[in-house]
Amino acid sequence: MKASSFRDMTKDELLLKLGELREAQFNLKFQHVTGQLENTAQLRKTRKDIARLLTILREMDKTAA
15 MKASSFRDMT KDELLLKLGE LREAQFNLKF QHVTGQLENT AQLRKTRKDI
65 ARLLTILREM DKTAA
């Protein structure tokens, strides 16, 4: 996802999305290890989305303080 779409979300929505992305990352890692994952680029995309989301959450916390 784009950072701009993350910025439009509320903090609660971002936390829910973070949980979804971490669960998706776990499932992708599991599929990769078992040899069932065909698109390995999805692992990297999910990891970067998590990093983007955490960065935006951090920015929100800094501006609120």
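If you count the sequence shown from 1, you need to add 14 to reach my numbering. C-beta atoms are modelled at their ideal positions from N, C-alpha and C, and glycine is treated no differently. Note that the structure is predicted; figures quoted are calculated from it, not measured.
Is it true that the CB of residue j sits closer than 9 Å to the CB of residue i?
i: residue 63; j: residue 15; result: yes
i: residue 35; j: residue 67; result: yes
i: residue 71; j: residue 28; result: yes
i: residue 17; j: residue 54; result: no
i: residue 45; j: residue 61; result: no
Tell me the rounded alpha-carbon separation between residue i and residue j.
i: residue 78; j: residue 33; result: 22 Å
i: residue 30; j: residue 75; result: 16 Å
i: residue 47; j: residue 73; result: 34 Å
### Whole runs of the alpha helix (DSSP H) within the segment 19–48, excluding any shorter than 4 residues
Whole alpha helix (DSSP H) segments, 4+ residues: 25–48.
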